[in-house]
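Throughout, the numbering used here is defined as the position within the sequence shown, counted from one, plus 114.
Written out below as structure tokens is the structure these notes cover.
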Amino acid sequence: MTKILKFLQNNDTKNPFSRSKDGNRLLIDIDEIAFQVASSTIQNPLGISASSAKSASVNLSRGVKPFFINQVQQIRDCLKKHLASLLTQEGQDISLEDYVNSLATELKQLTGESKTLGFTYPFGNPNEGLQKQRLSVQQNANNNCLLKFHKLTITVENTSKFDEALKASLRNFINLKFSSNQQEDFNDILDDLVKDLKSDFYIIKHLMDTEALGKLQREGRVKYLEFLLEQLDKSRDAIYLKDLIRRLKLIEEYISDVEKEDGHYEVNYAGISVNYKEIFSRADAFDMLPIIPLIVGYLGETTDEDSGKLQFIFGLKLKLGGKVQSQGGETVFDYYLNLLDSNSTEHKESISDSSFKKFLDKKY
């Protein structure tokens, strides 16, 4: 805004306004103004230390808003002076208001009769300078929008009451699992944990903050498959999608079995020790499957502090039959199917890769 105003106030600046040869149109050279502003040095509004930032929001607080409005008004006044100067140079003895009104055409002069319905614009007095063009939307009979523009929205409510709810849940667990003699001792321990900000109570809270969203994303992928199944016709091929959903749910049921100890999930494969519960609890646990929804982008986040509600919005797409360019154009389905085949060359190469071992060792 400051650069635009400075350019317009410069006495050496050429008048941006001009009139058409017939005098019926007012022209303004916006390109020249834009070029001059773009060519000038503009201080980074994010600060010198924020050189890596690409965008920022603007808060028009009480101190900033009047300054912003004042600059807009100054730019308006400068444009009025330039226009008045143009009229003076051309010997036009007319006020700016009357001149602007003379450029417009009253709607009643454009009325007429039409024998057809629709946007035909039946102008009674044709104007040679007036043009019209028919607008239409091209229809594509083969366009199937079933897999387009889908998003995953995760809403977390009552965030302000999380500590209270966690404490109540733990106390309820103590009362259900232990005798009355033990309950008093454990409840006292729980009260001490709540008071200590470095205790296991707040470690649990931190885990919920850092890991719960990823697990909800994984669950959201299964829900998306169920949504797609509902949209499909009842063909015999839909049974394969239905079976994929069933198997994914069985994995979740297996790793969530509270009766199984942690050591039950420890396995060794190709010289690598992994824990099934840790691996399949990750948000990216299903990424290597040939057909699976993918979280493709973080679209936004909204916060309602009054109600304690957080909402996260992600983009979704289905990994299906695209091409893997790094593999010579091999289809996604065939590529990931080979990665899962323990006898394939691709599988043996992937598990010997150091990056794959780091992936398995990664703790969430």
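Glycine included, every Cβ here is placed at the ideal spot set by N, Cα and C.
Note that the structure is predicted; figures quoted are calculated from it, not measured.
The Cβ neighbour count for Q331, taken over all protein chains shown within 10 Å, is at least 16; the residue is labelled buried. Spatial neighbours of I409 in its own chain (CB-CB distance under 6 angstroms, excluding positions within 5 residues in sequence) are listed in chain order as Q331, F428.
Ranked by how close their Cα comes to the Cα of A218, the residues G137, L280, D376, Q188 have G137 in first place. Every beta strand (DSSP E) stretch that sits fully inside the stretch 263-323 and reaches 3 residues is listed by chain position as 264-270. As computed with DSSP, D418 is found in a beta bridge with K423. Every beta strand (DSSP E) stretch that sits fully inside the stretch 371-417 and reaches 3 residues is listed by chain position as 380-383, 386-389.
As a beta-bridge residue in DSSP terms, I142 pairs with F131. Using a Cβ distance threshold of 8 angstroms, L122 and I189 count as a contacting pair. Rounded to the nearest angstrom, the gap between the Cα atoms of F292 and H320 is 26 angstroms. Each residue's CA atom was taken as its position, placing E444 and G435 some 9 angstroms apart. Here the stretch 352-371 makes no contact with the stretch 275-290; the two share fewer than three CB pairs at distances below 8 angstroms.
Counting along the chain, R361 sits inside the alpha helix (DSSP H) bounded by residues 352-369. Around the beta carbon of A399, a 10 Å sphere encloses 16 or more other beta carbons of the protein chains shown; the residue is thus reported as buried.
Residue state for L434 is assigned as coil, using DSSP reduced to three classes. In this structure R361 is exposed. Its beta-carbon is surrounded by fewer than 16 other beta-carbon atoms within 10 angstroms. With respect to F131, L210 sits apart: the two C-beta atoms are not nearer than 8 angstroms. Of the candidates Y316, L424, K437, the residue whose Cα lies closest to the Cα of E271 is L424. Put simply, the backbone Cα of H378 is about 15 angstroms away from that of E366. Excluding the 5 residues flanking it on each side, C192 has same chain C-beta neighbours closer than 8 angstroms at L119, L122, Q123, in chain order. Residues G422, K423, L424 of the same chain have their beta carbon placed closer than 8 angstroms to that of T273, with the five preceding and five following residues left out of the count. Distance from the CA of D418 to the CA of F426, rounded to the nearest whole angstrom, comes to 12 angstroms.
With at least 16 other beta carbons inside 10 angstroms of its own, R335 counts as buried.
The C-alpha of L280 lies about 32 angstroms from the C-alpha of F341. Secondary structure of T445 (DSSP, three-state): strand.
For H461, the closest of V388, L413, Y383, R396 by C-alpha to C-alpha distance is Y383. Its chain contains I118, F121, L122, P130 as the residues whose beta carbon lies nearer than 8 angstroms to that of I147, once the 5 sequence neighbours on both sides are disregarded; these appear in chain order. Here DSSP, grouped into helix, strand and coil, assigns G137 to coil. Where S154 is concerned, there is no enclosing alpha helix (DSSP H), because DSSP gives it neither an H nor an E.
Between A397 and K329, the beta carbon gap of about 7 angstroms places them in contact (Cβ cut-off 8 angstroms). G429 has K265, G411 as its beta-bridge partners, per DSSP. Cβ-Cβ separation between K433 and I405: approximately 6 angstroms, consistent with a contact (criterion under 8 angstroms). Per DSSP, the continuous alpha helix (DSSP H) segment holding Q123 begins and ends at 116-123.
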